[in-house]
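308 is the number that full-length UniProt numbering gives the last residue of the sequence shown; the numbers go up by one with no jumps.
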Amino acid sequence: MKVLVSGIGGDIGLGIARILKGWGVFSHIYGIDIHSDHPGSLIVDQCAVAPKADDESYILWLSTYITDNEIDVFIPSSESEINALVTLRLDRIAGAKIIKNNELTIQKSLDKYECLSYLSSCGIPVPTHGLVGSTFPSNYPVIAKPRSGQGSKGITLVRNVEELKSCQSGWVWQSYLSPDDQEYTCAVYGTPRNDMHVLVIKRKLVHGMTGSGVVVANQEIERYVRLIAEAMQLDGAINIQLRLTKSGPLLFEINPRLSSTLVFRDKMGFADLRWWVAAKLGLDSPPFMMPKAGTHFYRGSQEYISTF
């Protein structure tokens with residue numbers, strides 16, 4: 001079988017390719033990105049430059065590339081591509097099976113306001129929230145951010161109503177969650193046919209990414225995360241980011257995709273990428289091994305040299 005990984009120039013796409021290469025279930029691994037200045041070609045068999053996901057030529061280009069290279073499986077790693085595919089309700093493209101979450105999970109998670117409102121309607125505790133220009137918080141500080149977008153891009157700390165008025169209309173505001181040292185990233189994998197697996201990691205951020213972390217056993221957080229996954233009717237892998245407040249765990253972000261800690265998780269035995277691919281393709285699934293609480297991990301650097 002042949003597999004195509006998008007976003008090969010980013011940490012997630014490159015991580016997916018590294019895991020798949022080590023796994024050995026695919027005969028050829030292909031990678032695409034919107035530029036060529038990355039080390040992807042040192043990991044995969046072939047790389048190509050693709051249009052951006054919001055370019056009107058993207059789907060046709062992708063279909064042609066998959067057809068020409070007889071690719072069987074497509075794994076999109078960026079939210080922009082995932083959004084484009086779910087908007088068209090595609091489960092396959094040019095015959096290749098797409099590894100992605102269900103429509104409910106993707107659509108609710110990519111709209112940060114809709115995500116919080118939907119989970120609240122399911123009886124799940126979420127931060128107090130609203131839309132800039134439509135509602136105002138009763139307490140400050142709050143966080144304001146775009147309704148869509150990845151990670152920490154565009155996030156603004158707002159201390160008073162004057163600062164809120166300067167934020168873009170239509171942005172989401174939500175209560176500031178404290179304390180700052182109680183931030184967790186939670187990997188969740190589950191399908192309607194299999195048990196749900198949850199890995200809770202207390203993390204430290206470095207330049208907006210998880211720089212290090214430790215596996216923790218916290219039943220309160222795990223119960224909360226499971227409620228969210230059940231409300232999303234999870235059929236795949238997601239990443240839930242939250243803080244443990246005095247009121248209990250409260251989320252601030254759901255990534256409806258594999259996250260940047262996927263290689264750490266795989267090395268510790270939480271093989272959500274492999275489980276997901278195996279379930280979609282009917283392969284034997286790697287056994288579940290829960291990483292031991294107290295396991296630490298650290299993000300280092302990897303050097304790549306190319307003479308091409």
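All C-beta atoms in this analysis are idealised placements derived from N, C-alpha and C, irrespective of residue type, glycine included. Treat the numbers as computed from the prediction; the structure is a model and nothing was measured.
Start-to-end residues for the alpha helix (DSSP H) that takes in residue i
i: ALA17; result: 11 to 23
i: LEU262; result: 262 to 268
i: TYR65; result: 58 to 68
Residue of the options minimising C-alpha distance to residue i
i: CYS167; options: SER178, ILE155, LEU177 and LEU199; result: ILE155
i: VAL132; options: VAL142, ASP72 and LEU62; result: VAL142
i: LYS145; options: LEU157, SER138 and ASN139; result: LEU157
i: GLY184; options: LEU244, ARG159, ASP45 and SER121; result: At residue 184 the sequence reads Tyr, which differs from the Gly that was named. When only C-alpha atoms are compared, the closest one is LEU244.
i: ILE240; options: THR105, ASP37 and SER77; result: THR105
i: SER120; options: THR64, VAL25, TYR224 and ALA50; result: TYR224
i: SER27; options: GLY10, GLY9, LEU4 and ASP37; result: LEU4
i: ASP180; options: LYS204, TRP61 and TRP275; result: LYS204
i: VAL277; options: MET268, GLU222, ASN101 and HIS38; result: ASN101
i: LEU281; options: GLY7, VAL25, ASP11 and GLY9; result: VAL25
i: GLN182; options: SER247, GLY170, GLY123 and ASP195; result: SER247
i: LEU262; options: ILE124, ARG18 and LEU283; result: ARG18
i: ILE59; options: ASP37, GLU103, SER6 and TRP23; result: SER6
i: ASN139; options: SER306, GLY123, ILE124 and ASN160; result: ASN160
i: TYR304; options: PRO39, LYS2 and ILE8; result: PRO39
Where the beta strand (DSSP E) containing residue i begins and where it ends
i: ALA278; result: Run containing ALA278: none in the beta strand (DSSP E); it sits in the alpha helix (DSSP H), 272 to 281.
i: PHE297; result: 296 to 298
i: GLN168; result: No beta strand (DSSP E) contains GLN168, which DSSP labels as neither H nor E.
i: GLU220; result: Note, GLU220: premise wrong, no beta strand (DSSP E); alpha helix (DSSP H) at 219 to 231.
i: ASN255; result: 248 to 255
i: TYR118; result: No beta strand (DSSP E) holds TYR118; the alpha helix (DSSP H) holding it covers 112 to 121.
Whole-angstrom C-beta distance between residue j and residue i, which should lie under 8 Å
i: ALA279; j: THR191; result: 6 Å
i: GLY31; j: GLY15; result: Their Cβ separation, rounded to whole angstroms, is 12 Å, which puts GLY31 and GLY15 out of contact at 8 Å.
i: LEU42; j: ILE29; result: At roughly 12 Å, the Cβ-Cβ gap does not stay under 8 Å, so LEU42 and ILE29 are not in contact.
i: ASP54; j: ALA187; result: 28 Å between Cβ atoms; not a contact.
i: PRO137; j: SER175; result: 7 Å
i: SER36; j: CYS47; result: 7 Å
Beta-carbon proximity check, residue i vs residue j, cutoff 9 Å
i: MET290; j: PHE264; result: no
i: LEU234; j: VAL126; result: no
i: ILE34; j: PHE74; result: no
i: GLY213; j: HIS129; result: no
i: LYS52; j: SER77; result: no
i: TYR189; j: GLY149; result: no
i: VAL44; j: LEU116; result: no
Is it a yes or a no for the segment 77 to 87 touching the segment 220 to 234, going by three-plus beta-carbon pairs under 8 Å? no
When the Cβ atoms of the segment 249 to 263 are set against those of the segment 98 to 111, are three or more pairs found closer than 8 Å? yes
Three or more C-beta pairs below 8 Å linking the segment 69 to 80 and the segment 91 to 103: yes
Segment contact flag, the segment 182 to 202 with the segment 212 to 226, C-beta cutoff 8 Å, min 3 pairs: yes
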